[in-house]
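All remarks here apply to the structure that follows.
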């Protein structure tokens with residue numbers, strides 16, 4: 001009788017305990033630079049509001065917007081990056097890596113590219129042993145200067161985060 005009572009209470013109370021836990025209201029994640037493992041930015045979500053803190057060498061930029069886009073859309077950005085990526089390789093030295101590399105671009109009020117970071121990712125895949133892909137990615141993304149537009153007019157700093165596909 002005692003075992004049945006314990007089993008009954010456990011089977012009734014366990015779902016209640018698991019499903020009725022208090023939910024977290026604030027979600028936050030810090031993204032790190034691949035090269036030096038320093039924090040680049042932190043994204044926090046509190047209810048419907050998303051806040052971004054960007055870390056520079058000397059300061060933290062709190063008022064930063066993610067409401068920025070590439071002129072022509074994401075597909076045009078990918079085609080632009082692919083065209084410059086393939087221009088650096090010939091058929092003889094091409095090596096397929098098939099990796100998506102996360103990156104961040106910091107833009108100022110005039111939409112000039114100020115910083116490009118290759119973000120740390122898991123699993124840590126060593127795709128750049130033979131060729132310095134990170135430098136190539138940064139060079140390509142820095143060349144997008146002047147090809148961005150604001151989706152809002154309120155901020156002085158803008159952040160774009162994307163994936164660069166190494167093929």
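In UniProt numbering, the protein residues as written are 1 to 167. Don't be surprised by glycine CBs; every beta carbon is placed ideally from N, CA and C. Just so we're clear, the structure is a prediction, and the values are computed from it rather than from any experiment.
Rounded to the nearest angstrom, what separates residue i and residue j at their Cα positions?
i: residue 168; j: residue 86; result: The first residue shown for the chain is 1 and the last is 167, placing residue 168 beyond what the model contains.
i: residue 97; j: residue 133; result: 10 angstroms
i: residue 54; j: residue 117; result: 12 angstroms
i: residue 67; j: residue 89; result: 34 angstroms
i: residue 61; j: residue 47; result: 21 angstroms
i: residue 84; j: residue 63; result: 32 angstroms
i: residue 56; j: residue 80; result: 28 angstroms
i: residue 37; j: residue 111; result: 26 angstroms
i: residue 50; j: residue 152; result: 15 angstroms
i: residue 52; j: residue 59; result: 14 angstroms
i: residue 142; j: residue 131; result: 19 angstroms
Check the C-beta distance from residue i over to residue j and give it rounded, since I have them as a contact under 8 angstroms.
i: residue 166; j: residue 40; result: About 20 angstroms separates the two Cβ atoms, so there is no contact after all.
Quick one: residues in its chain with C-beta nearer than 6 angstroms to the C-beta of residue i, no 5 flanking neighbours on either side, listed in chain order?
i: residue 27; result: 45
i: residue 33; result: 40 and 117
i: residue 161; result: 104
i: residue 78; result: none
Taking C-alpha atoms, which residue in the options lies nearest to residue i?
i: residue 140; options: 34, 163, 53 and 38; result: 163
i: residue 150; options: 109, 161, 121 and 144; result: 109
i: residue 42; options: 148, 30, 81 and 159; result: 30
i: residue 99; options: 121, 83 and 159; result: 121
i: residue 148; options: 76, 38, 50 and 59; result: 76
i: residue 178; options: 52, 137, 72 and 49; result: Residue 178 falls outside the range modelled here, since the chain spans only 1 to 167, and no answer is possible.
i: residue 35; options: 152, 142 and 135; result: 135
Let's test the definition: count the other Cβ atoms within 10 Å of the Cβ of residue i and tell me whether it reaches 16, buried, or not, exposed.
i: residue 104; result: buried
i: residue 144; result: buried
i: residue 113; result: buried
i: residue 70; result: buried
i: residue 101; result: buried
i: residue 74; result: exposed
i: residue 138; result: buried
Can you name, in chain order, every residue of its own chain whose Cβ lies under 8 angstroms from the Cβ of residue i, other than the five neighbours on each side?
i: residue 154; result: 65
i: residue 82; result: 165 and 167
i: residue 107; result: 68, 113, 114, 148, 157, 158, 159 and 160
Taking CB distances under 9 angstroms as the criterion, tell me whether residue i reaches chain B.
i: residue 44; result: No chain B appears in the structure shown, which is made up of a single protein chain.
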